[in-house]
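Numbering (this note's numbering), first residue to last: 952 to 1127.
Yeah, the Cβ is synthetic: ideal placement off N, Cα and C, and Gly gets one too.
Keep in mind the model is a prediction, meaning the values are calculated, not measured.
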């Protein structure tokens, strides 16, 4: 079982810059943005997107993390996972445009859990979803608003996202 690289450092950087510009264009100057990354790699991607947006339009965005562990519907079926801290920016999320950020969109169940977790923290004006990789195979009616790479895959394949902040390297690979 060998992993085939799909995205390298430069590709990931380009995808995130494109997503950041798309988010700002969709915002149309309306309200503040809050990037909430879903741990672990979604949190790193949210920080990167926030940094890019701040370079383009300083002061319009904040970043944090949103742990979804206790809102998952598969707690009894999957390996035990320790909750990560949720960090909501000091301005909160009420009336903000919240951009949930994750590394891979697959079944949609993590995003459903994120929406449940988000409701515990306030009422955003709107919620958008940004993912680095959309691999299809949805089990729920969830669609990303901003996608770095659409990566059609078989359900038997695995997509690995590695980020410098967590893994020491930036790459996306797929293996069967």
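Item	Value
Name, in chain order, the residues that DSSP records as bridge partners for residue 958.	1123
What does DSSP give as the partner residue(s) for residue 1016 in the beta ladder?	988 and 1038
Per the DSSP calculation, residue 1109 is bridged to which residue(s)?	1126
Does the count of Cβ pairs from the stretch 1042-1058 and the stretch 984-994 closer than 8 angstroms reach three?	yes
DSSP on residue 1083, reduced to helix/strand/coil?	strand
Would you mind working out which of 1045, 1018 and 984 sits nearest residue 1003, comparing C-alpha positions?	984
So, using beta-carbon positions, are residue 1110 and residue 1124 closer together than 9 angstroms?	yes
Am I right that residue 1097 and residue 973 are in contact with their C-beta atoms under 8 angstroms? What's the rounded C-beta distance?	5 angstroms
Looking at residue 967 and residue 996, is the spacing between their C-beta atoms short of 9 angstroms?	yes
I need the DSSP call for residue 982, collapsed to helix, strand or coil.	coil
What are the boundary residues of the alpha helix (DSSP H) that residue 1062 is part of?	1060-1070
Would you list the residues sitting across from residue 1097 in a DSSP beta bridge?	1081
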